[in-house]
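Protein chains in written order, with this note's numbering: chain A, 1 to 428; chain B, 429 to 856. Beta carbons: idealized from backbone N, C-alpha and C, even for Gly. Predicted, not measured: the structure shown is a model, and the values here were computed from it.
Number of protein chains: 2
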Amino acid sequence: MGRAGIARQAAWRGPRARESGSGTGWTGVGEESAIARDPSLGALGSEPDPPGEPSVVGARGLSRPDDTGGVGHGEYASLKDVASRAGVSFQTVSKVLNGGGSVAPATLERIRRAAEEVGYIPNVLARGLVMRGTKTLGIVAADPSDHVLGRFVVAAEIEARRQGWATVVANVDAFTSDVGRHVEVLSERRVDGILMAAPQAETDPDLGERLRGLLPVVSLYTILGLRAPLVGSDHVQTGMLAVRHLILHGHRTVGVVAGTLGRHVTAARMTGYARAFSESNIELNDSDLVEEGDWTTAGGYLATMRLLDRAPEVTALFVHNDYMAMGAIRALYERNRDVPGDVAVVGCDDAPVAAYTVPSLTTVRVPFEDTGRVAMGLLLRMVGGGPAPITSTLLPVELVARASCGCAVARGTAPPAAPGAARRTEAM
Amino acid sequence: MGRAGIARQAAWRGPRARESGSGTGWTGVGEESAIARDPSLGALGSEPDPPGEPSVVGARGLSRPDDTGGVGHGEYASLKDVASRAGVSFQTVSKVLNGGGSVAPATLERIRRAAEEVGYIPNVLARGLVMRGTKTLGIVAADPSDHVLGRFVVAAEIEARRQGWATVVANVDAFTSDVGRHVEVLSERRVDGILMAAPQAETDPDLGERLRGLLPVVSLYTILGLRAPLVGSDHVQTGMLAVRHLILHGHRTVGVVAGTLGRHVTAARMTGYARAFSESNIELNDSDLVEEGDWTTAGGYLATMRLLDRAPEVTALFVHNDYMAMGAIRALYERNRDVPGDVAVVGCDDAPVAAYTVPSLTTVRVPFEDTGRVAMGLLLRMVGGGPAPITSTLLPVELVARASCGCAVARGTAPPAAPGAARRTEAM
DNA sequence: TTGAAAGCGCTAACAG
DNA sequence: CTGTTAGCGCTTTCAA
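Next up, the structure:
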């Protein structure tokens, strides 16, 4: 075994050179300067990026098939490699590197150095095999170019890291509905739990069955046929706050640019809409005033156009997210309807741009960061063996009044946001 | 071994029940209906989401610590479990499940069924151990709430999947500069290559050293001290196209709301700016007209405000991305400067909202999707042993003229985009 | 056509 | 304090 280690070591070409001349460990000076002189690196920090006359090519083209690197991609050093270098057994190395029990200070130091010198990187695969767990959480996220989910995911990852866990993300692109495959990728890699942050979960027919009993799961979206704890924000309240605000401003004919109709958020926000009317004892001429959007600006624009064609009498619009609201504002502009003079607009989410549109956008702030933090915290507790809550965890939302509903901030009056943490400040 | 398998099997509580009464495999009806009756699941597809009176709680609160789930999280079935169920050795199962050579049709069928019944999910960790490779690529991505990178990452993942590779993403949040840690997380998991899509790579002092010789790497950003192939778009060209366009419109005093000054993109776009002037033989009163932004709308707003204070004589603004450009438009609005009448604005990237701002935003389209596809394609080739190109691969950009520079699309004239694939259509 | 042996890199328990 | 034995789940010879 010791010999095997040594034998392999001779062939091994790890991340750093070993057996380097002096005993001080490898500095890599030679290579370093060779690389620094390479024109392909160029004058760092000064000019064109990347430098030199660029080789502009078509989508598939590549330039000069040269240079596999000089520095080949070696194999990783193993515990045995470290061990033979330090003159101990690899089990002792394992103990040391995991901060284990009693080891002679001298040995410890020797091992530490050896590990450093060979650039030891633990093999989480092997460790996971024996530990039956990877200290890793998987996040299934929707297309991250959905701005809003991005904020959620990042917050969740930060929370995991804070608690000493690694995360890996599997992004579901907008064209795929097969969330199951992504779950599979993660569970094949034996993550210890999954945070589900892809709306596709609501419609995937057998996701629930695939997930059942497999792993601890916390989801942002209802998963069919799976009793997974849900964390989110109060969408009904969102609808209520938005529409109540419009009603208070005297609006009675409130059009809706809704999100995708299949989604629960959409239904909930519609419920809030209805509830706002009923609590005011105002009769509501509903479904005719609703147009479905697809959460994008383009979709919001088109839906608004359709709505204006059909119901030009609307004096206000409740739009299910801020990106669509921007499309709505654009559509109103093209139809020569002043916002908020002719039509008031309220969005949802409080996207970072909402404070800067013209006019600035009244919206309902959704606490994405908090949601991410809470959801991950809950998942971590479940992974640690804690109980799963049986009810949903809903975080509160709040109205942020700006100009698009006729509130506040006249032109040129006040900056839409304080310097720095603009979004935060305003939302408070 | 067989006995061990059986022994463990008795205790094992896998994703699906085994040894179920009938021979048809488990259907889970009992549990299913129990769950469906659970009020916490609510009336799917109809109303509030999540349903029932929500338990609105503070950030840390949780509701009813009840119900660990009924369905515990069992362990995964192993090859041995499948084997003992099919009455063969686990090696044979391995062969079958990997589409291996000659196996008796009957055995094959029996194994397939057994695997299905126990819900076998291969352990990629164990496989990776012996195969010395995971068929997985790592992507180090910046904060995915950066809309633009999200598009890149998703395209890259799609390309990987198309070629049969799995991907895992490690997101670097905006507050961390330690890209190295994320590389570590990925290489500990023995991904076979890394796609670096975090701008922090440009400033991390020892990322290059950590990466050298470790793995195949393709990067969107120059990595200090590492000869990694770069894929990106032609930022110099971007600056030139934008500014040349403004010059053609007669502008001579062109202010700049730049990106972060340390970044190469920023420098390159400034180079393009200068080049556009020099090719027109126009003298250029440069640095005084540049304000640094931070790529956010808020930052663009503030930078523009500062610039207008200092240089009210500008008649045009070259803004280094579309989000900042929105902030710029807002700032100009507050200062009562008409866009484009008093000040023309050109952005960069062609973000999905650019077509819908008021006025719609002239910008330079950056082919994020193509970049992602190409970068991943290159990485895949390198992982497969192919050579790394020594020069950068830069994809071409193109100007998209809209209203904010005085071009095109008067109010109410034409929809800013065709229905559906708006972004694409316009950019062509 | 199938199974037995070996070993990937690692941790855990125990013996020296 | 250190090394030995055992085994995690898997693929790969190679022998039966």
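Touching or not, the stretch 353 to 369 of chain A and the stretch 163 to 178 of chain A, by the rule of three or more beta carbon pairs under 8 Å? In the pairwise beta carbon analysis, the stretch 353 to 369 of chain A is classified as not touching the stretch 163 to 178 of chain A: fewer than three pairs are separated by under 8 Å.
For B/A756 and B/L689, what's the separation of their Cα atoms in angstroms? Roughly 18 Å between the two C-alpha positions.
For A/D322 and A/L351, believed in contact at Cβ under 8 Å, the rounded distance: For the record, residue 351 of chain A in the displayed sequence is Ala; it is not Leu. Confirmed, about 4 Å.
Selection of the stretch 98 to 114 of chain A by Cβ proximity to chain B, strictly under 9 Å: Taking 9 Å as the cut-off between beta carbons, none of the residues of the stretch 98 to 114 of chain A comes near chain B.
Any residues in the stretch 715 to 731 of chain B with a beta carbon nearer than 7 Å to a beta carbon of chain A? Which ones, in chain order? Per Cβ criterion, the list reads T724, T725, A726, Y729, L730.
Just tell me which of B/P824, B/A588, B/L806, B/G687 has its CA closest to the CA of B/P817. Selected option, being the one with the closest Cα: B/L806.
Just tell me which of B/E741, B/V786, B/G775 has its CA closest to the CA of B/L827. Among B/E741, B/V786, B/G775, the Cα nearest to that of B/L827 is on B/G775.
Cα-Cα separation, B/A726 to A/A354: Whole-angstrom Cα-Cα distance: 10 Å.
Would you check if there are 3 or more beta carbon pairs closer than 8 Å linking the stretch 542 to 553 of chain B to the stretch 501 to 509 of chain B? Touching, per the Cβ criterion.
Could you run through the stretch 145 to 178 of chain A and flag, in chain order, every residue whose CB is less than 7 Å away from some CB of chain B? Taking 7 Å as the upper bound on Cβ-Cβ separation, chain B lies near residues S145, H147, G150, R151, V153, V154, E157, I158, A166, V168, V169, A170, N171, D173 of the stretch 145 to 178 of chain A.
Taking 9 Å as the CB-CB limit, is B/L712 close to chain A? Output row for B/L712: interface = no.
Distance check for A/D370 and A/A155, CA to CA, integer angstroms please. One C-alpha to the other measures close to 7 Å.
Burial state of B/V558 (16 or more Cβ within 10 Å): By the 16-neighbour rule on beta-carbons within 10 angstroms, B/V558 is exposed.
What does DSSP give as the partner residues of B/M624 in its beta bridges? Looking at the DSSP output, B/M624 sits in a beta bridge with B/V568, B/S647.
Check the DSSP bridge columns for B/D509 and list the partner residues they point to. In DSSP, B/D509 forms no bridge with anything.
Local conformation of A/D349 per DSSP, three classes: Residue state, collapsed to three classes: strand.
Determine which residues share a DSSP beta bridge with B/T791 and list them. Partner(s): B/G775, B/V828.
Given a cut-off of 9 Å, decide if B/G660 and B/V685 are closer than it, judged by their beta-carbon atoms. Contact: no.
In whole angstroms, what is the alpha-carbon distance linking B/E630 and B/I651? Roughly 5 Å separates the two Cα atoms.
Would you kindly report the start and end of the unbroken beta strand (DSSP E) that includes A/T176? For A/T176, there is no enclosing beta strand (DSSP E), as DSSP marks it with neither H nor E.
Neighbour flag for B/L565 against chain A, beta carbons, 9 Å: With 9 Å as the cut-off, B/L565 does not count as an interface residue toward chain A.
Exposed or buried, A/N123, counting other C-beta atoms within 10 Å across all chains shown (16 or more means buried)? Burial is judged here by how many other beta carbons sit within 10 angstroms of a residue's own beta carbon; A/N123 has at least 16 and is buried.
If distances are taken between C-alpha atoms only, which option among A/E109, A/W165, A/A77, A/T107 comes closest to B/R560? Comparing Cα positions, the closest option is A/A77.
Min CB distance A/E184 to chain B below 9 Å: At least one beta carbon of chain B lies nearer than 9 Å to the beta carbon of A/E184.
Considering A/G468, what are the terminal residues of the alpha helix (DSSP H) in which it resides? The structure shown has nothing for residue 468 of chain A, since chain A only spans 1 to 428.
Measure from the C-beta of B/P476 to each C-beta in chain A and report whether the shortest distance is under 9 Å. Annotation note: pLDDT 27 at B/P476 (below 50); position unreliable, no value reported.
Hey, could you find the ends of the beta strand (DSSP E) A/E291 is sitting in? Element bounds for A/E291: 290 to 292.
At least 3 beta-carbon pairs within less than 8 Å: the stretch 237 to 250 of chain A vs the stretch 202 to 222 of chain A: Taking a cut-off of 8 Å on C-beta distances, the stretch 237 to 250 of chain A does not touch the stretch 202 to 222 of chain A, as fewer than three cross pairs fall below it.
Quick one: is B/G641 near chain A, going by C-beta distance under 9 Å? Chain A contact via Cβ: present.
Distance CB(B/V581)-CB(B/I622) smaller than 9 Å: With a cutoff of 9 Å on beta-carbon distance, B/V581 and B/I622 are scored as not near each other.
Taking C-beta pairs closer than 8 Å, name the residues in chain A that B/D571 reaches, listed in chain order. Here the neighbours are G150, V154.
7 Å Cβ cut-off: residues of chain B touching A/S187: When 7 Å is used as the limit between beta carbons, A/S187 is near these residues of chain B: I549, in chain order.
Residues in the same chain with beta-carbon distance under 8 Å from A/K95, minus the five sequence neighbours each way, listed in chain order, please. Result list for A/K95: G101, V103, in chain order.
Are the Cβ atoms of B/V682 and B/L674 separated by less than 9 Å? Yes, Cβ-Cβ distance for B/V682 and B/L674 is below 9 Å.
Name the DSSP beta bridge partners of A/L224, please? Under DSSP, no beta-bridge partner is assigned to A/L224.
Tell me which same chain residues have a C-beta within less than 7 Å of the C-beta of B/T694, skipping the five on either side of it? So the qualifying residues of the chain are A686, G687, T688, H748.
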